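A short worksheet on the structure shown next.
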Amino acid sequence: MNDEILIAILALLGAIGYVLLLFGAKEPRHKYGNLFLALYGVCLIIVVVAGLFVQWHIVFSWQDLTSFYAIYGFSACVFLIYFAKGLRLWLPKEEDYYETRGVKNK
Amino acid sequence: MIEWVHPGLIFIIGALLVPVFRGNLKKVYLIIPPVLALIDVVLMYMGSFGSIPASRWQLPFLGYELIFGRMDKLSLLFGLIYTLVSILLVLYALNVKSNGELMSQFFYVGSALGAIFAGDLITLYIFWEFMAIASLLVILHGGTDKALGAGFRYIMWHVAGGLILLAGIVLYIESTGSIAFNAFSWGTTSLYLPTLLIFIGFIINAAVPPLHAWLPDSYPESTYAGTVYLSIFTTKTAVYVLARGFAGFGPLMWLGVIMTVYPIFYAVLENDLRKVLSYSLINQVGFMLCGIGIGTTLAVNGAVSHAFAQILFEGLLFMAIGSVVYRTGTAKCTDLGGLYKSMPLTCIFCIVGAASISAFPFFTGFVTKSMIIDAALGQTGGALMYVLLLLASAGVFHHAGVKVPFFAFFAEDRGINARDPPLNMLLGMGITASLCILIGVYPHPLYQILPYPVDFVPYNVPHVVAQLQLLLFASFAFFVLITSGIYPPEQRKINLDTDWPLRVMGAKFMWFLHEPLTNLAKGLDHALKSLASLFAGYGGEKEERILIGVSVGIALLFLAFYLFMQMAYTWIFH
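Chains Z and H, in that order, are what the protein sequence lines are.
Following our numbering from start to finish, the first sequence increments by one per residue and tops out at 176.
Following our numbering from start to finish, the second sequence increments by one per residue and tops out at 579.
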């Protein structure tokens with residue numbers, strides 16, 4: 071029973087943190103933008119602290135690393151953005167790229 | 006006992022009757038076929054139609070028995086979600102004026118249902134092609150030059166895929182003598198080629214990279230409502246046939262993993278939010294194919310339940326962005342922003358969809374996707390697969406969870422004048438959003454209708470904490486990068502994808518036709534005309550020459566008819 075309440079609290083916390091980020095990061099800054107971001111920070115801290123007390127189901131040893139999922143989530147996204155920035159050097163073309171390859175332009 | 010009616014037929018007859026109704030009466034009428042079809046499927050669940058498959062729906066064809074109504078847990082699950090979501094889609098699309106568009110949408114749903122309940126390969130193929138044509142019509146109703154071009158490329162992909170599938174089916178029937186559509190075995194060498202061809206035909210519809218480029222190319226070009234329809238039926242029907250035919254096929258597992266990772270980079274770069282969602286659609290189907298490839302009962306359950314959930318949340322996201330298109334006429338990041346004040350309800354629905362696709366606890370994605378990821382852990386190469394699937398989860402959260410709502414509703418306010426869409430569209434989105442949360446909080450009804458018994462508990466503390474750490478810190482990375490200016494700014498550009506060589510070669514080919522070949526033809530024509538003028542005396546008056554032409558034409562027609570009859574005669578009697 072205790073677990074269920076804990077899960078419900080954590081799940082709500084996650085959803086609230088997510089919405090706080092969307093409102094906190096918006097441009098131009100919301101009147102209470104900094105407050106939103108501070109609360110969002112609190113959510114981040116709570117999930118990390120909760121992770122310290124959890125008995126993980128371990129299949130691989132690295133899953134036991136302190137805050138593995140937080141570190142992985144953060145670095146995965148940073149990697150994603152940098153990799154995409156690299157791709158941007160040669161993937162993007164003008165919006166009429168294909169139209170100008172054809173008959174009209176020889 | 007009541008006689009069973011094929012739910013697909015309800016849609017097809019429903020489509021034919023659309024032009025009969027006008028005005029508000031039409032709006033009332035449009036709701037009827039999907040509701041009847043849903044009732045039909047629910048009655049099928051309750052076993053009201055007796056033995057399976059209903060024998061009324063078998064047809065003799067070339068010495069085989071075609072089965073139109075196969076009812077088992079797998080087909081019924083897809084039938085249920087297709088008919089359920091079609092009610093929501095029709096509600097959302099009530100404001101569509103064009104009868105043609107409404108009809109093609111109904112044909113599309115009807116043929117998808119036909120493919121789902123097909124019990125043999127020939128019936129499957131017939132509906133498979135029907136679906137390709139109906140979906141082409143949905144794309145073409147976009148009505149722009151871009152939609153026309155994308156539609157042509159789309160149908161070329163699908164005709165190619167359909168022909169490969171047909172070749173596979175013909176060879177398969179040739180080798181086995183049976184048209185039954187069940188799990189394929191790779192056992193004997195004589196079956197290897199047909200099975201491979203069928204597999205390729207299937208994965209083209211599932212949009213597996215590098216055969217996926219038709220999807221982000223064509224789907225965003227349809228109308229605001231058409232895109233929502235497209236996002237659901239073609240790919241999920243492919244998931245269904247793969248689940249039936251290729252569960253436990255090892256390579257599919259890794260194709261699925263690649264499919265989850267590949268599109269996330271494109272989704273970061275893409276400026277058009279409907280293209281971003283198209284890439285997220287490929288990513289989500291990747292999770293399903295991975296589960297099907299793993300093939301354990303947990304994984305297949307995960308895959309089909311994820312298909313069920315994804316139809317709802319991906320549909321919801323496309324509906325929300327469709328509403329933005331409906332009101333503002335664009336889905337480009339560079340033109341949007343700050344809409345949360347003017348379209349608050351759409352914004353809330355979009356966030357629910359975004360939270361569901363990102364698999365936040367208490368939203369649908371969480372209770373279905375985690376089955377697949379858990380199943381991946383037990384496989385050989387499970388560590389690599391697990392890490393890549395987590396990367397893809399963080400990636401999908403980044404683009405569908407943060408980028409889509411952020412750039413549409415929160416980023417720099419561009420002072421766009423908009424308001425929430427009409428009531429029926431809000432209702433369509435609202436009901437879908439409620440279902441997303443309902444299934445997320447209380448997944449047991451969904452678990453009960455899965456093909457295999459479920460003993461999976463999605464909600465335990467470590468699971469929830471792990472997921473929240475992953476998601477919230479991925480969002481933290483987004484925040485850090487966007488405030489520090491490292492995040493790549495949106496550009497008015499398109500991004501080259503795997504169809505680049507085809508499209509450039511196609512353009513070169515067209516140039517070849519228009520320039521060198523046309524010039525050659527003109528030259529030949531000229532030469533022939535000068536030759537003919539030497540004999541100009543023959544044939545006399547102009548009318549006389551036309552008469553000669555007509556009589557030669559008629560003679561040729563008779564000859565062709567004779568040859569055809571001759572062939573038909575030999576074919577039938579020998």
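Cβ atoms here follow ideal geometry from the backbone N, Cα and C, with glycine treated the same way.
Note that the structure is a prediction, hence the values are computed from the model and not measured.
Residue i in three-state terms, based on DSSP
{"i": "D580 of chain H", "result": "Residue 580 of chain H lies beyond the stretch modelled for chain H, which goes from 6 to 579, so this question has no answer here."}
{"i": "F582 of chain H", "result": "No answer is possible for residue 582 of chain H: it lies beyond the span of chain H, which begins at 6 and ends at 579."}
{"i": "K163 of chain Z", "result": "strand"}
{"i": "A117 of chain H", "result": "helix"}
{"i": "N465 of chain H", "result": "coil"}
{"i": "K241 of chain H", "result": "helix"}
{"i": "I184 of chain H", "result": "coil"}
{"i": "P215 of chain H", "result": "coil"}
{"i": "E8 of chain H", "result": "coil"}
{"i": "N500 of chain H", "result": "strand"}
{"i": "K596 of chain H", "result": "As shown, chain H starts at 6 and ends at 579. That puts residue 596 of chain H outside it, with no answer to give."}
{"i": "L418 of chain H", "result": "The question names Leu, but residue 418 of chain H is Asp in the sequence shown. Looking at D418 of chain H - three-state DSSP - the assignment turns out to be coil, as it is neither helix nor strand."}
{"i": "N175 of chain Z", "result": "At N175 of chain Z, the pLDDT of 46 sits below 50, so the modelled position is not reliable and the matter cannot be decided from this model."}
{"i": "D425 of chain H", "result": "coil"}
{"i": "D77 of chain H", "result": "coil"}
{"i": "D277 of chain H", "result": "strand"}
{"i": "D379 of chain H", "result": "helix"}
{"i": "D125 of chain H", "result": "strand"}
{"i": "Y345 of chain H", "result": "coil"}
{"i": "K101 of chain Z", "result": "coil"}
{"i": "Y97 of chain H", "result": "helix"}
{"i": "T136 of chain Z", "result": "coil"}
{"i": "R27 of chain H", "result": "coil"}
{"i": "M49 of chain H", "result": "helix"}
{"i": "L22 of chain H", "result": "helix"}
{"i": "T488 of chain H", "result": "helix"}
{"i": "W191 of chain H", "result": "coil"}
Distance CB(residue i)-CB(residue j) smaller than 8 Å
{"i": "L389 of chain H", "j": "G143 of chain Z", "result": "no"}
{"i": "I377 of chain H", "j": "F292 of chain H", "result": "yes"}
{"i": "S236 of chain H", "j": "Y224 of chain H", "result": "yes"}
{"i": "K346 of chain H", "j": "D277 of chain H", "result": "no"}
{"i": "L282 of chain H", "j": "I326 of chain H", "result": "yes"}
{"i": "L107 of chain H", "j": "Y87 of chain H", "result": "no"}
{"i": "F207 of chain H", "j": "A243 of chain H", "result": "yes"}
{"i": "R171 of chain Z", "j": "V462 of chain H", "result": "no"}
{"i": "G320 of chain H", "j": "I362 of chain H", "result": "no"}
{"i": "A479 of chain H", "j": "C147 of chain Z", "result": "yes"}
{"i": "L43 of chain H", "j": "L89 of chain H", "result": "yes"}
{"i": "G124 of chain H", "j": "I72 of chain H", "result": "yes"}
Residue environment, residue i, which counts as buried when at least 16 other CB atoms sit within 10 Å
{"i": "P521 of chain H", "result": "exposed"}
{"i": "M515 of chain H", "result": "exposed"}
{"i": "F153 of chain Z", "result": "exposed"}
{"i": "Y464 of chain H", "result": "buried"}
{"i": "Q125 of chain Z", "result": "exposed"}
{"i": "W132 of chain Z", "result": "exposed"}
{"i": "D166 of chain Z", "result": "exposed"}
{"i": "K408 of chain H", "result": "buried"}
{"i": "V119 of chain Z", "result": "exposed"}
{"i": "G74 of chain H", "result": "buried"}
{"i": "P506 of chain H", "result": "exposed"}
{"i": "K241 of chain H", "result": "buried"}
{"i": "W160 of chain Z", "result": "exposed"}
{"i": "N175 of chain Z", "result": "Reliability fails at N175 of chain Z, whose pLDDT of 46 lies under 50, so the model's placement of it is uncertain and no value is given."}
{"i": "W62 of chain H", "result": "buried"}
{"i": "E74 of chain Z", "result": "exposed"}
{"i": "L83 of chain Z", "result": "buried"}
Nearest-angstrom beta carbon gap, residue j and residue i [assumed within contact, 8 Å]
{"i": "M434 of chain H", "j": "F354 of chain H", "result": "4 Å"}
{"i": "Y234 of chain H", "j": "V143 of chain H", "result": "6 Å"}
{"i": "W219 of chain H", "j": "W162 of chain H", "result": "4 Å"}
{"i": "V329 of chain H", "j": "L82 of chain H", "result": "About 32 Å; that fails the 8 Å criterion."}
{"i": "G387 of chain H", "j": "C441 of chain H", "result": "The pair is not a contact, with the Cβ atoms about 29 Å apart (cut-off 8 Å)."}
{"i": "L473 of chain H", "j": "V117 of chain Z", "result": "5 Å"}
{"i": "G298 of chain H", "j": "G261 of chain H", "result": "5 Å"}
{"i": "I444 of chain H", "j": "V372 of chain H", "result": "7 Å"}
{"i": "P221 of chain H", "j": "K280 of chain H", "result": "5 Å"}
Beta bridge counterpart(s) of residue i as assigned by DSSP
{"i": "F66 of chain H", "result": "H:Y69"}
Any C-beta of chain C under 8 Å from that of residue i
{"i": "N288 of chain H", "result": "The structure shown has no chain C; the protein chains it does contain are Z and H."}
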